[in-house]
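Participant: Here it is, the structure, as C-alpha cells.
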DNA sequence: TTGAAAGCGCTAACAA
DNA sequence: TTGTTAGCGCTTTCAA
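Residue numbers (my numbering), protein chains in the order written: chain A, 1 to 355; chain B, 1001 to 1355.
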C-alpha cells in the first residue's frame, strides 16, 4: 500500500490543533506553549514528518535548487567541476539540477528555459561552443536570478565569471620549455573562436617574444576535427615533416599531447630529449604517469567549488535585497614537471577504476 | 527591475476572464469558444507565459524530475552513464537531480531522503560500496516511487536492475587469452565484497576450468588500496617475482592494466608477446590507443539509457495504476582486440580534450 | 497562546 | 461556454 507523505495536517488532526499551530511549533515560534510545542515535536519525529519542499517553493518562490549547465559531462574536466559544485551545494543544503547541451546552442536555450521555469535559485553555466547570443541568460538576470559563468564565458554579459588563467599558464610553460633549451616551439591550439584558446595563443606568443624568439606561422596548428589523440598524431606527423621541425610541442590538451608523444616515439625521437612535449591537462597525475609529458594542470574541482560558492553568496545577497557586484575570478594553473626524465611510462589512464 | 513570472492570473485579468477559462483554453479543452481560445493563446505567447512547474507539482504530486545517485561523478564510467540518463530524460521531458555519495553510506541515505522529499518521480541509484542496509530505498517503494538500481546493485531489494555481464565478460576474455597461447593467467581483482568483482572471478575460474587449467591461488591478487595505476604497478612487480610468473594478466580496470603494462615494459618484457595484458574498460578506445591492451568494454552510455528508459516506463505504469514487475537487464560486454600487435602506443588519454 | 483565513499557481468537479 | 469553488502543503497576518 502506498504510504502517504505526512503533512502538517496529519499532525494537526491527531493533536486536535490547527496546522498553523503545528507550523509555528515546528519553527520555534516565540508565542507557543511549551506543552503543545513538545507534543508537536514528538509526534512529528514519530511520524517522520518532513516538510514538503514543493509547497515551500511555491510559497517562497525559491526552490533551494541550483541549476548547472555544461556542454558535455563525459569529460574529466567537467565532471571534476561538477563534483566540486555538488560538494559545495550539498554542504549548503542545495540540490543540483544538471543539464548537458552537447555543445548545441539550441539545447542550451531550452535547458536554461526549463531551469528558469523550475525556479532554480541560481544558475551555473559553461557555454556551448555554438553560443553567440545570450538572451536566454539575460532572462535570468531580468528575473533577478543570480548567474555565474565558468570556464566557457563571454564578454557580452556583465556577470560573475570563473576562469582558468590560460594566458599565464601558456606563458609559464612556454618559458619553461625555453629554459629547458627548446628554441623552436610548435603550438597545437584549439578553435580560434574559443576565448581560452585565444588566451593561450597570446601567452605562447608573449613568452616567445620575451625571450627573443620569433612566432613562426608554420609552427601554429589548429586542432581541427576534435581535440583528440588522433588529431595529436596527425598534426605531429605533419609538423615533423617541415624542413625545420620544432624541438618542442605545446598542445591544448592531454589527448593531443599523448598522440604527439606516441608518434614522436614511433618516428624514433627521444621524448623529451629530442622533442619536448607539454600540454594543458585536467588530470593532476598526467605528468606523473607519463613522464615524457610536462603539463599545465587546470584545477577543475576548485573551479567547481569557487563557482558554487560565489553563486550561493549571490543568492543570499539577492534574498537580502542587496545589490550584486559581478567579479571575475581567475584561477591559477599549476606547472607539473617530472624531475626524473626516466623513460616514458606506458599510458595515462583517466581516473581511478570502477569496482 | 525584477521581472515577474507571468501567471494565468495575469492573462485572465488582461482578458477579463477567469483563470479557469485561461487554463482550459491553454489546454485545448473541448468546450471553449474559439474566440477566447484564440485570444488567450495569443496573449500567452506574447507574454511568454510558461506554466509554473512547482505549482503543477504541488497539485499533481509529481515533479517531472528523476533523481540520480551515484558514488562518484569523476569517473569515466559514471559520467558516461549519467550522460545516457540525461539524454533519455531530456527527450522525455524530465529533469535530472544529481547527487554523489562519495562512497559514503551515510551520505547516500541523506541524499536519497532529500530526493524522496523533493517528490522525484523516480530514482536511479548505484549503491555506494559501504551500503549494506536498504531502508532508505525501501522508503521509495513504500511511497510508490519507482526505483531502478544500476551497476552496483544488491539482492536484498526486489526491484529492476541494470548490470553489466561481468561473468561472461571475464569468461570471454580469459578464454581469448588462452586461445592466444597463455596458460598462466593472473587476475588482479576488485574488492571481494563487490558483486561484480565476484562475478568476474567466477568467469575467470570457469574459463580456466573449461580449458583444463588450474586456478592458482598465487595468481589471484586483490587490488587493495584503490583500483589505480599505482596498484597495477605494485601488484605487477610483486607477481612477476614469483618463481613461476604468469604469461598473462587480467585486470579489473584500465588504470590497473596500464600500470601493469608500464612495469612489464620497464622490466624488459614485450607486451603482449611475453606477457599479455587484458582488462575491463569503460573507454571504448582504450585498446586502440594502447594496442598492448586487450579490453572488455563496458557500455556505460547504454547502461544509462536503458536504466532511464526502464525507470520512465515504470513511472508511467505507476501513474496509470498498473503493477510494476521488476526485471534484471544484463548488458553484454564487448571484446576489444587490436589486430595489429604493433609496438605499444604511448598512452591512454581519457577523453576528448576540452576547448 | 492559538485559530481563521488568505494566498503562492494551477487544475478539476460542479454549477450556472 | 464560462464562472465558482476547493484544494495540493505551507506560512503569515490579523483576530480572538
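Glycine is no exception: its CB is placed at the ideal position from the N, C-alpha and C atoms.
So residue 1040(B) is in the alpha helix (DSSP H); what residue range does that whole segment cover?
Facilitator: Its alpha helix (DSSP H) spans residues 1034-1046.
Participant: Would residue 9(A) be called buried (16 or more neighbouring beta carbons within 10 Å of its own) or exposed?
Facilitator: So residue 9(A) ends up on the exposed side.
Participant: Could you check which residue in 1167(B), 1206(B), 1106(B) and 1294(B) has the C-alpha nearest to that of residue 1195(B)?
Facilitator: Here the closest residue by C-alpha is 1167(B).
Participant: Closest Cβ-Cβ distance between residue 1080(B) and chain A: below 8 Å?
Facilitator: Chain A contact via Cβ: present.
Participant: Going along chain A, which residues have a C-beta under 8 Å from residue 1142(B)?
Facilitator: Neighbours of residue 1142(B) on chain A, chain order: 2 and 3.
Participant: Which class does residue 944(B) belong to by DSSP, given the choice of helix, strand or coil?
Facilitator: Residue 944(B) lies beyond the range of chain B shown here (1001 to 1355); nothing can be said about it.
Participant: So, with DSSP's three-state summary, where would you put residue 1242(B)?
Facilitator: DSSP places residue 1242(B) in coil when its eight states are reduced to three.
Participant: DSSP state of residue 1009(B), grouped into three classes?
Facilitator: Of the three classes helix, strand and coil, the one that applies to residue 1009(B) here is helix, per DSSP.
Participant: For residue 1345(B), is the classification buried or exposed, using 16 other Cβ atoms within 10 angstroms of its Cβ as the cut-off for buried?
Facilitator: Confidence is the limiting factor: at residue 1345(B) the pLDDT is only 41, short of 50, which leaves the residue's position unreliable and the question unanswerable from this model.
Participant: Take residue 1360(B) and list the residues in its own chain whose beta-carbon comes closer than 8 Å to its own, dropping the five residues that flank it on each side.
Facilitator: Summary: the structure shown does not reach residue 1360(B), with chain B confined to residues 1001 through 1355, and so no result is reported for it.
Participant: Residue 1278(B) by DSSP, collapsed to three states: which one?
Facilitator: DSSP places residue 1278(B) in strand when its eight states are reduced to three.
Participant: In angstroms with no decimal places, state the Cα-to-Cα distance between residue 1188(B) and residue 1254(B).
Facilitator: For residue 1188(B) and residue 1254(B), the distance between alpha carbons rounds to 11 Å.
Participant: Check whether the segment 1258-1265 of chain B and the segment 1232-1244 of chain B touch, using three or more Cβ-Cβ pairs below 8 Å as the test.
Facilitator: Yes, since at least three Cβ pairs between the segment 1258-1265 of chain B and the segment 1232-1244 of chain B fall closer than 8 Å, the two stretches touch.
Participant: I'd like the span of the beta strand (DSSP E) that includes residue 1295(B), first residue to last.
Facilitator: Note, residue 1295(B): beta strand (DSSP E), 1293-1297.
Participant: Roughly how many whole angstroms lie between the Cα atoms of residue 128(A) and residue 81(A)?
Facilitator: If you take the alpha carbons of residue 128(A) and residue 81(A), they lie about 16 Å apart.
Participant: Does the segment 1063-1071 of chain B come close enough to the segment 1022-1029 of chain B that 3 or more CB-CB pairs lie under 8 Å?
Facilitator: Short answer: they don't touch.
Participant: Below 8 Å on the Cβ atoms is my guess for residue 309(A) versus residue 120(A); work out the distance and round it to an integer in Å.
Facilitator: No, residue 309(A) and residue 120(A) are not in contact; Cβ-Cβ is about 17 Å, not under 8 Å.
Participant: Between residue 144(A) and the rest of its own chain, which residues show a CB-CB distance below 7 Å, the 5 nearest in sequence each way excluded?
Facilitator: Same-chain partners within the cutoff: 318.
Participant: Could you tell me whether the Cβ of residue 155(A) comes closer than 8 Å to any Cβ of chain B?
Facilitator: Answer no: the Cβ-Cβ gap between residue 155(A) and chain B never drops below 8 Å.
Participant: Does the beta carbon of residue 1276(B) sit closer than 8 Å to a beta carbon anywhere in chain A?
Facilitator: For residue 1276(B), the answer is no, since every Cβ of chain A falls outside 8 Å of its Cβ.
Participant: From residue 1315(B) to residue 58(A), what does the alpha carbon distance come to, in whole angstroms?
Facilitator: Cα to Cα, the separation comes out at about 24 Å.
Participant: Comparing C-alpha positions only, which one of 1282(B), 1248(B), 1015(B) and 1307(B) sits nearest to residue 1176(B)?
Facilitator: Closest by alpha carbon: 1248(B).
Participant: Roughly how many whole angstroms lie between the Cα atoms of residue 1018(B) and residue 38(A)?
Facilitator: So the alpha carbons of these two residues sit roughly 44 Å apart.
Participant: Quick check: what's the CA-CA separation for residue 265(A) versus residue 272(A)?
Facilitator: Cα to Cα, the separation comes out at about 10 Å.
Participant: Does the segment 93-105 of chain A come close enough to the segment 67-78 of chain A to have 3 or more Cβ pairs within less than 8 Å?
Facilitator: Contact between the segment 93-105 of chain A and the segment 67-78 of chain A is present, because at least three Cβ pairs lie under 8 Å.
Participant: Which residue marks the beginning of the beta strand (DSSP E) containing residue 251(A), and which one marks its end?
Facilitator: 248-251 is the span of the beta strand (DSSP E), which, as asked, contains residue 251(A).
Participant: According to DSSP, what are the bridge partners of residue 1100(B)?
Facilitator: In DSSP, residue 1100(B) forms a bridge with 1070(B).
Participant: List the residues of chain A whose Cβ lies closer than 8 Å to the Cβ of residue 1114(B), in chain order.
Facilitator: Per Cβ cutoff of 8 Å: 95.
Participant: Would you decide whether residue 1186(B) is buried or exposed? Buried here means 16 or more other CB atoms lie within 10 Å of its CB.
Facilitator: It is buried - the Cβ of residue 1186(B) has at least 16 other Cβ atoms within 10 Å.
Participant: For the segment 1113-1182 of chain B, list the alpha helix (DSSP H) runs that are entirely contained and at least 4 residues long, ordered along the chain.
Facilitator: The qualifying runs are 1135-1142 and 1166-1179.
Participant: Identify the residues that DSSP records as bridge partners of residue 1065(B): which are they?
Facilitator: According to DSSP, which records beta bridges pairwise, residue 1065(B) is partnered with 1095(B).
Participant: For residue 43(A), which residues in the same chain have their Cβ closer than 7 Å to its Cβ, ignoring the five residues on either side in sequence?
Facilitator: Closer than 7 Å at the Cβ level, and outside the excluded window around residue 43(A), lie 11, 14 and 15.
Participant: Using a C-beta cutoff of 8 Å, does residue 1317(B) count as contacting chain A?
Facilitator: So no, residue 1317(B) is outside the interface.
Participant: Are the beta-carbon atoms of residue 301(A) and residue 279(A) separated by less than 8 Å?
Facilitator: No, they are not a contact pair.
Participant: Leaving out the 5 sequence neighbours to the left and right, which residues in its chain are closer than 6 Å to residue 1160(B) when beta-carbon positions are compared?
Facilitator: Excluding positions up to five away in sequence, the list reads 1148, 1310, 1326 and 1327.
Participant: Along the segment 37-51 of chain A, what residues have a CB closer than 7 Å to any CB found in chain B?
Facilitator: Cβ contacts with chain B come from 50.
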